[in-house]
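K.L.:
Numbering (our numbering), first residue to last: 6 to 223.
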Amino acid sequence: MTDGSGGARDATQFWDERYVSRRTEHGRMWSGRVNATVEQQVAELTPGSAIELGSGEGADALWLAARGWTVTALDISSVALAVGAAEAARAGLSDRIDWVQTDLTTWHPSTEHDLVVSAFFHSPFDFPREAILRRAVAAVATGGRLLVVGHGGFPPTSEHAHDTETPSFPSPDEVLASLDLPTGWVVETNALIERTAKWRGEEDIVLIDTVLRVRRVG
């Protein structure tokens with residue numbers, strides 16, 4: 006992987022150090038709560054087997070497991086996965102989640118699942134996100150779904166919010182086109198969804214998520 010300047014970087018070390026340096030007093034970088042858009046898109050689905058790409062500290066994986074899903078959580082950072090595994094043990098969910106440290110740039114699915122989740126699968130590195138998502142299509146069982154949730158833009162308080170030189174995030178239509186789906190798929194959600202969140206634990210801001218949910222029907 007490379008950073009934006011083209012210099013070589015060790016992605017594993019980068020993410021491990023990031024998760025350590027940004028820990029709060031709660032021992033994790035993120036809130037530990039399921040993303041609201043993921044919850045909205047999955048809450049009414051019948052539980053089965055799920056796999057999450059770039060699970061981080063596992064908030065979404067833990068939420069899925071608590072609702073009856075069996076989950077494989079994939080991430081490059083063993084530090085982040087350890088946070089999720091510890092929380093799973095505290096919640097009595099260890100038998101429902103398999104925490105797997107892997108570099109998704111070289112990952113190829115070997116099993117099929119009822120749900121494949123990619124939530125905010127972005128990186129400061131140049132990496133083959135579109136190729137990874139196309140490979141993820143092969144991990145969806147017949148009748149199952151692929152859910153891709155991403156940033157629709159930078160937070161309004163971000164230094165990049167009005168930066169015209171910073172690449173924009175892909176729209177749901179662009180994500181759909183990049184998947185190059187074969188016949189036998191239907192689009193269930195293709196939308197920009199607004200949600201309110203606490204910015205750095207204080208100010209309420211409105212964020213926009215890009216949401217694509219597709220189902221394999223044949």
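Glycine residues also receive a C-beta, built at the ideal position from the N, C-alpha and C atoms.
Output the boundary residues of the alpha helix (DSSP H) element that contains D15.
P.N.:
That residue, D15, is in no alpha helix (DSSP H); it is neither H nor E in DSSP.
K.L.:
Report yes if the CB atom of A66 is closer than 8 Å to the CB atom of E57, and no otherwise.
P.N.:
Closer than 8 Å, so yes.
K.L.:
Is there contact here, the stretch 183–202 with the stretch 112–125, by at least three beta-carbon pairs under 8 Å?
P.N.:
At 8 Å Cβ cutoff, the stretches do not touch.
K.L.:
Can you give me the Cβ contacts of H113 inside the same chain, cut-off strictly under 7 Å, excluding the 5 residues immediately before and after it?
P.N.:
Result list for H113: R140, in chain order.
K.L.:
What residue from S54, E117 and V43 has the CA that sits closest to D100's CA?
P.N.:
Checking every option, the nearest Cα to that of D100 belongs to S54.
K.L.:
Do you know offhand how far S36's Cα is from V43's?
P.N.:
Approximately 15 Å, taken between the alpha carbons.
K.L.:
Tell me whether R140 sits in a helix, a strand or coil according to DSSP, three-state version.
P.N.:
Helix at R140.
K.L.:
Which residues share a DSSP beta bridge with H118?
P.N.:
Answer is V145.
K.L.:
According to the Cβ coordinates, are V84 and Y24 closer than 8 Å?
P.N.:
The answer is yes: Cβ separation under 8 Å.
K.L.:
May I ask you to report which of helix, strand or coil DSSP gives S60?
P.N.:
Correct three-state label for S60: coil.
K.L.:
Less than 8 Å between the beta carbons of A64 and R38, yes or no?
P.N.:
A contact, by the Cβ cut-off of 8 Å.
K.L.:
Give the DSSP bridge partners of A202, in chain order.
P.N.:
The partner list for A202 (beta bridge, DSSP) reads I210.
K.L.:
Buried or exposed: where does S118 fall if 16 or more other Cβ atoms within 10 Å of its Cβ makes it buried?
P.N.:
The identity of residue 118 in the sequence shown is His, whereas the question assumes Ser. Buried, because 16 or more other Cβ atoms sit within 10 Å of the Cβ of H118.
K.L.:
Using DSSP's beta-bridge definition, name the partner residues of H225.
P.N.:
In the structure as shown, the chain starts at 6 and stops at 223, and residue 225 therefore has no counterpart that could be examined.
K.L.:
Using DSSP with H/G/I as helix, E/B as strand and the rest coil, what is R101?
P.N.:
Reduced to three states, the DSSP call for R101 is helix.
K.L.:
Would the C-beta of R23 count as close to the ligand SAH, meaning under 7 Å from any of its heavy atoms?
P.N.:
This structure simply doesn't include the ligand SAH, nor any ligand for that matter.
K.L.:
If we ignore side chains and look at the alpha-carbon of each, how far apart do L151 and T111 end up?
P.N.:
Between L151 and T111, the C-alpha separation is close to 19 Å.
K.L.:
Would you mind giving the Cβ-Cβ distance between F174 and G157, rounded to the nearest angstrom? I have them listed as a contact below 8 Å.
P.N.:
The Cβ separation is near 6 Å, so the contact holds.
K.L.:
Throw me the rounded Cβ distance for the A16 and F126 pair, which I believe falls under 8 Å.
P.N.:
In fact, because the Cβ distance is near 13 Å, the residues do not count as touching under 8 Å.
K.L.:
Can you tell me whether Q46 is buried or exposed? The criterion is at least 16 other CB atoms within 10 Å of its CB, across all chains shown.
P.N.:
When all chains shown are included, Q46 counts as buried.
K.L.:
Return the residue from the list T51, V76, A96 and Q18 that minimises the CA-CA distance to S82.
P.N.:
Of the listed residues, the one whose Cα sits closest to S82 is Q18.
K.L.:
Since A78 is in the alpha helix (DSSP H), which residue starts that stretch and which ends it?
P.N.:
Here A78 belongs to no alpha helix (DSSP H); instead the beta strand (DSSP E) covers T75 to D80.
K.L.:
Taking P177 as the reference, which of V142, R72 and A196 has the closest Cα?
P.N.:
Closest option to P177, Cα to Cα, is A196.
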